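S.K.: Below is the structure I would like to discuss, written out as structure tokens.
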Amino acid sequence: MFIPKKQFQEVKFMTYKANNKQKQSVSENKKDEKDRVVTSTHQAPLVTGYEVVPLRIKTELMTAQECDRLRLINNRDSRIIKDYLRIIYHNEEKILRKDGKVDKAFLDKLTLTTSRKTQHKLRTSVPHDLKKRYPRCSHDEFIECRDKAIWTYECWKTQQELSEKELNRPRFKKKVPRIQFKGSIGKDRFQVIPTPENTEAKLWLELRDSLNSKRSGRRYHKRLMLPLAYSPYHEKKLILEKIKTLELVYKSKEQQWWAHFTLQYAVPLYQSTHPPAVLGVDLGIKKTAVAVLLTPSGKVIMDELCFIVNKERQSRMWQLDNRIKSIQRLLDTQNNNGQPTKQLNAKLYQLRRRLRSVTKQELGYAVNQLVDFILQLKNSYNLFVSVGYPKNIRKSHPRGSGNKSLRRKLHKWCYRFFITKLKHKLNRYGFESHRVVAIGESWTSKTCSKCNSKNTTRTGQGQFNCHNCNYELDADLNGAKNIGKRLIQYALKTKFNSIWDLLTDDFHPLRLYKCLQPLGQWLK
Ligand SMILES: [Zn+2]
């Protein structure tokens, strides 16, 4: 695959949405206008965001026939998507428009016949007749498959333009589901129906598919009803918020079906008339995160503090890590002696999986704590958050360099996951993306936050000493202060001229500078 799976999941909806926004914008604008007319007197601007809610499909309550139908739909869709991708590769030169996007109309001319007269012509034959190849698929379903194929292709294309290496083209080995839209293409292709009286399944997903239909002589049949695993939290969300898309995913390792819903939420924008403040956050290994609040009352003053450390969980992580290490050693010796290693490999796989889930849990916990802290401060300041992001940390610590155990820990830690999660969570409370800024972390731990001298040492367990002004402080605290200061320096344009010195490129739009205007108060 061309994108790591984790990343793939994260970007999936955001970019896909962006592609489809144009279509929906017309209808949405009309709705927005109506809303404005009704409550135009005192409505704050809204921040919208998307959220994925996965729910397990209870296949144990379904008949074998229904399970078959689900499987057949998935198989057919993935075959169509792969076909579309092949056609795009084959006609790559003609199909791309000037802006680098795929020309959808041209792709339709290659693949889909029309039964009605469109634009003075009736298209009865095309080079790749998909309707003939897949007679049991409706037009809307073709369109959804086409969009997914185009989206994957365009994702690969942008990745390819960014990287120096030649990337592999997207190929799907496993099954790929199409993304089903609610409202935009089909009218109500799927529906969530709550049935509180039913004790076995309190939520049902009603699905309309064209698998059993024939093109000539319409036949209506029973819709596919899928029972969903119930949780009151998710039910509330599904009913209150706007459902946008649905994906039916089969997880082969668990042998289970999942329904992934994307919901759209809208919350009032966070605006504040209070004095501006910057929360510097330093991410680390021993202390998961250290946060310091900087306010412009004369000097940079440390007001509030938050340390996030969970020793139990961390020790559990390192225990697991040690077990993995020992098993890897055993594996090596057994490999050298020519002994069978199947059992050990399975064990290793299991342990790595567990470690991954524990790290994610730990990070999620830390993010929640930090969000709680930020929400406390939000009412008394006009708050900006600057998070230290170690750019290229894995590249700068290659194999065989520096302290081995430290490097191991560094490579385990997922900073990007932390920052994206933090942004996502704060977006729910009306924080726009420019309020949470990822800033390059280089030299922040070695510079004195009081006099900017680099003539410093770290003594003992994270104690920071400056030889220039004899300033003593916790080392992580010093780092967090520096990170906070960097955002202010950036906003005032005092030290850094280029954006790329400071900000990590893919987190931010270029217009960020304008948004930081409230921080100009530091000058006075
Ligand atoms: Zn100093």
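Under our numbering, the residues of the sequence shown are numbered 1081 to 1604, in order.
The beta carbon of each residue, even a glycine, is placed where N, CA and C say it ideally should be.
A quick note: this is a predicted structure, and the numbers were derived from the prediction, not measured.
Should ASN1507 be listed as close to ligand 1, given that the test is whether its C-beta is under 7 Å from any heavy atom?
M.R.: Checking every heavy atom of ligand 1 against the Cβ of ASN1507, none is found closer than 7 Å.
S.K.: Tell me whether the beta-carbon of GLU1521 lies closer than 8 Å to the beta-carbon of GLY1468.
M.R.: Yes, they are a contact pair.
S.K.: Under 8 Å: do the segment 1302-1321 and the segment 1218-1237 share three or more Cβ pairs, one atom per stretch?
M.R.: Touching, no.
S.K.: VAL1132 lies in the beta strand (DSSP E); which residues open and close that run?
M.R.: 1126-1136 is the span of the beta strand (DSSP E), which, as asked, contains VAL1132.
S.K.: Rounded to a whole number of angstroms, what is the C-alpha to C-alpha distance between LEU1165 and HIS1208?
M.R.: Roughly 12 Å between the two C-alpha positions.
S.K.: Examine ligand 1 and report whether any of its heavy atoms sits within less than 7 Å of the Cβ of ASN1462.
M.R.: Incorrect: ASN1462 has no Cβ contact closer than 7 Å to ligand 1.
S.K.: Under a Cβ-count criterion, where at least 16 other Cβ atoms within 10 Å of its own Cβ denotes burial, should TRP1523 be classed as buried or exposed?
M.R.: Counting Cβ neighbours within 10 Å, TRP1523 comes out exposed, since fewer than 16 surround it.
S.K.: Quick check on GLU1241: buried or exposed, where buried means 16 or more other Cβ atoms within 10 Å of its Cβ?
M.R.: With fewer than 16 Cβ atoms within 10 Å of its Cβ, GLU1241 is classed as exposed.
S.K.: Determine, for PRO1207, whether the minimum Cβ-Cβ distance to residues of chain C falls below 8 Å.
M.R.: Going by chain labels, chain C is absent from the structure shown, which holds only one protein chain.
S.K.: Are the segment 1411-1429 and the segment 1438-1458 touching by the rule of at least three beta carbon pairs closer than 8 Å?
M.R.: Counting Cβ pairs under 8 Å, fewer than three are found: no touch.
S.K.: Which same chain residues end up closer than 7 Å to GLN1399 when comparing Cβ atoms and leaving out the 5 residues on each side of it in sequence?
M.R.: Within the same chain, GLN1399 has no close Cβ partners at all.
S.K.: Is it true that the CB of THR1539 sits closer than 8 Å to the CB of ASN1532?
M.R.: For ASN1532 and THR1539, no; Cβs fall outside 8 Å.
S.K.: In angstroms, rounded to a whole number, what distance separates the CA positions of PHE1464 and THR1536?
M.R.: The straight-line gap from Cα to Cα measures roughly 29 Å.
S.K.: Since THR1139 and TRP1337 should fall inside the 8 Å C-beta cutoff, what is the C-beta to C-beta distance between them, to a whole number of angstroms?
M.R.: Between TRP1337 and THR1139 the Cβ distance is about 6 Å, and since that is below 8 Å, they are a contact.
S.K.: Please classify GLU1221: is it buried, with 16 or more other beta-carbons within 10 angstroms of its beta-carbon, or exposed?
M.R.: Burial call: buried.
S.K.: Which whole-angstrom value is the C-beta distance of LEU1287 and PHE1270, which I expect to be below 8 Å?
M.R.: So it is a contact: roughly 5 Å between Cβ atoms.
S.K.: From ILE1454, LYS1530 and ASN1562, pick the residue whose C-alpha is nearest to that of GLY1510; which is it?
M.R.: Residue ILE1454 is the option with its Cα nearest to GLY1510.
S.K.: Please work out which residues of its chain come closer than 7 Å, Cβ to Cβ, to THR1204, disregarding the five sequence neighbours upstream and downstream, and give them in chain order.
M.R.: Once the five neighbours on either side are set aside, the close Cβ partners of THR1204 are THR1193.
S.K.: Please specify which runs of the beta strand (DSSP E), each continuous and at least 3 residues long, are wholly inside the segment 1326-1366, giving them in chain order.
M.R.: Correct list: 1336-1348 and 1356-1363.
S.K.: Return the first residue and the last residue of the beta strand (DSSP E) that VAL1272 is part of.
M.R.: It spans 1270-1274 - the beta strand (DSSP E) in which VAL1272 sits, taken as one unbroken run.
S.K.: Starting from the N-terminal end, write out each residue whose C-beta falls within a distance shorter than 6 Å of any non-hydrogen atom of ligand 1.
M.R.: The filter returns CYS1528, LYS1530, CYS1531, SER1533, CYS1546, ASN1548, CYS1549 and TYR1551, in chain order.
S.K.: Between which two residues does the alpha helix (DSSP H) holding PRO1312 run?
M.R.: Taken as a continuous stretch (DSSP letters only), the alpha helix (DSSP H) holding PRO1312 covers 1312-1320.
S.K.: Would you mind sorting GLY1364 into buried or exposed? The rule is 16 or more other CB atoms within 10 Å of its CB.
M.R.: The residue in question, GLY1364, is buried, as its Cβ has 16 or more Cβ neighbours within 10 Å.
S.K.: Does the Cβ of ALA1357 have 16 or more other Cβ atoms within 10 Å, making it buried, or fewer, making it exposed?
M.R.: Per the 10 Å Cβ criterion, buried.
S.K.: Helix, strand or coil for CYS1386 per DSSP?
M.R.: Here CYS1386 sits in strand by DSSP.
S.K.: Which of the three DSSP states, helix, strand or coil, is assigned to VAL1370?
M.R.: Three-state DSSP puts VAL1370 in a strand.
S.K.: My assumption, with CB atoms under 8 Å, is that ILE1161 sits in contact with CYS1225. Please give the rounded CB distance.
M.R.: Confirmed, about 5 Å.
S.K.: In three-state DSSP terms, what is PHE1261?
M.R.: Strand at PHE1261.
S.K.: Hey, quick one: how far does the beta strand (DSSP E) through GLU1552 stretch, first residue to last?
M.R.: Here the beta strand (DSSP E) through GLU1552 covers 1552-1554.
S.K.: How many Å lie between LYS1189 and LEU1150 at the Cα?
M.R.: Going from the Cα of LYS1189 to the Cα of LEU1150 covers about 30 Å.
S.K.: Is ASN1155 closer than 8 Å to ASP1317 when the C-beta atoms are compared?
M.R.: First, the amino acid is wrong: residue 1317 is Lys here, not Asp. No, Cβ-Cβ distance for LYS1317 and ASN1155 is not below 8 Å.
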